[in-house]
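All remarks here apply to the structure that follows.
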Amino acid sequence: MKRATTGRILKIGLLISLISATVCTSLYACMSMNGYTSTVDLSKVDLVQLEEPEPEDPVAVIRTSMGDISVRLFPEEAPNAVKNFEELANAGFYDDTYVFQLEPKVYFAAGSKTPDGELGEAYQEEHESIEREVSDNLWPFRGALCALTTKSDTGFWKMFLDKVKYYNGSRFILVDSIEFTDDLIKEMYGDNPDNKVARAFEQLGGVPNYSQQMTIFGQTYAGFDVLDAITEAATTGEENHKTPAEEIRIRTVEITTYEKAPAPVTTGTDAPGSTTAATTTTAAE
2 MKRATTGRIL KIGLLISLIS ATVCTSLYAC MSMNGYTSTV DLSKVDLVQL EEPEPEDPVA
62 VIRTSMGDIS VRLFPEEAPN AVKNFEELAN AGFYDDTYVF QLEPKVYFAA GSKTPDGELG
122 EAYQEEHESI EREVSDNLWP FRGALCALTT KSDTGFWKMF LDKVKYYNGS RFILVDSIEF
182 TDDLIKEMYG DNPDNKVARA FEQLGGVPNY SQQMTIFGQT YAGFDVLDAI TEAATTGEEN
242 HKTPAEEIRI RTVEITTYEK APAPVTTGTD APGSTTAATT TTAAE
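Take any residue in the sequence shown, note its place counting from 1, add 1, and you have its number in this note's numbering.
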């Protein structure tokens, strides 16, 4: 099988431009990549990302060269993506890997063995062919952990019938936030002033363009200052593929539970899943 390249990732996983993509107008009807519309019944949406983690909930502590980011995982919503991520983390796959792409203040992509994002000899079919899992309960709010789309099973009739299958792999992105203008906020709410998903985006930030477009399998609850520091780092490279000007590494990813994870230190006021709605960072060890 042909190995996925960074260019391939860009064409599939990050195809929705943060500047020019069509935004879901009400977050009830969301435009898919090939132009078809999927609908979400907001009355049935459970925004689990905003909930306080329970002691036994699985979490990942992503230790980077710029600090730690702690993420609650959602195996009930994205079981295959969580299993894949946990297996790779426990096997040491992410040790000393790279942040290989970032969109300033919007997201960073990481988990590659090479600084250019190529899989190369690290390619493992069983870990790079995880079918996309989209949940109505998970949205690309600030701090969302997403599996990067690497390939698709496509063809004319599959495109026509909106039956294209997308697959995730080992690499991941952490979402920060686009700028929410008054016009964008108004567009998100549409004709529904009680749209709870739009309200969450307005309060927390994120990237509405990615809604229902990729596998989301975790939510940051500690380390938002580190997320910001990475997405605000100086970049180099082409406009549609910016890389850190100075190397940023993932030191390791530790899988544990919320009660056993390092205690967060409150530093701000906007982290999802906190009873005090506070941005947090992991405590120094």
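Every residue gets a Cβ at the ideal spot worked out from N, C-alpha and C, and that includes glycine.
Tell me the residue span of the beta strand (DSSP E) that contains Phe218.
That run of the beta strand (DSSP E) goes Thr216 to Ala223.
Using the beta-carbon count (16 or more within 10 Å), is Ser113 buried or exposed?
Buried: at least 16 other Cβ atoms inside 10 Å.
Taking the Cβ atom as the reference point for each residue, do Gln213 and Gln50 lie within a distance shorter than 8 Å?
No, they are not a contact pair.
Of the residues Asn241, Tyr167 and Ala223, the one placed nearest Glu53, counting alpha carbons only
When each option's Cα is compared against that of Glu53, the closest is Ala223.
Please name the residue or residues paired with Ile179 in a DSSP beta bridge.
Note: Ile179 sits in no beta bridge, so no partner.
From the DSSP secondary-structure annotation, give me the bridge partner or partners of Asn169.
The secondary-structure analysis by DSSP pairs Asn169 across a beta bridge with Ile131 and Thr150.
Per DSSP, what kind of secondary structure is Cys25 in: helix, strand or coil?
Annotation note: pLDDT 40 at Cys25 (below 50); position unreliable, no value reported.
Rounded Cβ spacing between Val62 and Asp69 (contact assumed at less than 8 Å):
About 6 Å separates the two Cβ atoms, so the contact holds.
Please determine, among Ala234, Glu239 and Thr216, the residue with the shortest C-alpha to C-alpha distance to Ile132.
Here the sequence assigns Glu to residue 132, which means Ile is not the residue at that position. When each option's Cα is compared against that of Glu132, the closest is Thr216.
On the DSSP bridge list, what partners appear for Glu255?
Partner residues in the beta bridge of Glu255, as assigned by DSSP, are Val62.
For Thr277 and Asp154, what's the separation of their Cα atoms in angstroms?
With a pLDDT of 33 at Thr277, under the threshold of 50, the modelled position of this residue cannot be trusted; read the value that follows with caution. Computed Cα separation, rounded: 44 Å.
Among the candidates Ile231, Ile256, Tyr259 and Lys187, whose CA atom is the shortest distance from the CA of Phe101?
The option with the nearest alpha carbon to Phe101 is Ile231.
Three CB pairs or more closer than 8 Å across the stretch 181 to 189 and the stretch 237 to 255:
A contact between stretches requires three or more CB pairs, one per stretch, nearer than 8 Å, and the stretch 181 to 189 fails this requirement with the stretch 237 to 255.
Specify whether the stretch 79 to 89 and the stretch 232 to 239 touch according to this definition: at least 3 beta carbon pairs, one from each stretch, less than 8 Å apart.
Here the stretch 79 to 89 makes no contact with the stretch 232 to 239; the two share fewer than three CB pairs at distances below 8 Å.
Distance, Cα to Cα, Ala22 vs Val107?
Bear in mind that the predicted position of Ala22 carries a pLDDT of just 34, short of 50, making it unreliable; the figure below should be weighed with that in mind. Between the C-alpha atoms of Ala22 and Val107 there is a straight-line separation of about 14 Å.
Rounded straight-line distance, which links the Cα of Pro105 to that of Thr182:
If you take the alpha carbons of Thr182 and Pro105, they lie about 17 Å apart.
Among residues of its own chain, excluding the 5 on either side of Asp177, which ones have a beta-carbon nearer than 7 Å to its beta-carbon?
Residues of the same chain with a CB within less than 7 Å of the CB of Asp177, apart from the 5 flanking positions on each side, are Lys106, Val107, Tyr108, Arg143, Leu228, Asp229 and Thr232 in chain order.
Would you kindly check if the distance between the Cβ of Leu146 and the Cβ of Leu175 is under 8 Å?
The answer is yes: Cβ separation under 8 Å.
To which residues of the same chain is Asn169 closer than 7 Å at the C-beta, ignoring the five residues directly before and after it?
Within the same chain, Asn169 has close Cβ partners Ala82, Ile131, Arg133, Ala148, Leu149, Thr150, Thr151 and Thr216.
Less than 6 Å between C-beta atoms, sequence neighbours within five positions excluded: which residues of the same chain meet that for Phe75?
Cβ within range, chain order: Phe218.
Just how far apart, CA to CA, sit Arg250 and Leu139?
Their backbone Cα atoms lie some 27 Å apart in a straight line.
6 Å CB neighbourhood of Ser136 in its chain, flanking five on each side removed:
By the criterion of a C-beta distance shorter than 6 Å, Ser136 is surrounded in its chain by Glu78, once the five residues flanking it on both sides are discounted.
For Val49, which three-state DSSP category applies?
Val49 carries a helical assignment under DSSP once its states are collapsed to helix, strand and coil.
Can you tell me whether Gly118 is buried or exposed? The criterion is at least 16 other CB atoms within 10 Å of its CB, across all chains shown.
It counts as buried.
Compare the C-alpha of Phe225 against each of Asp58, Glu55, Asp47 and Thr65 and name the closest.
Selected option, being the one with the closest Cα: Thr65.
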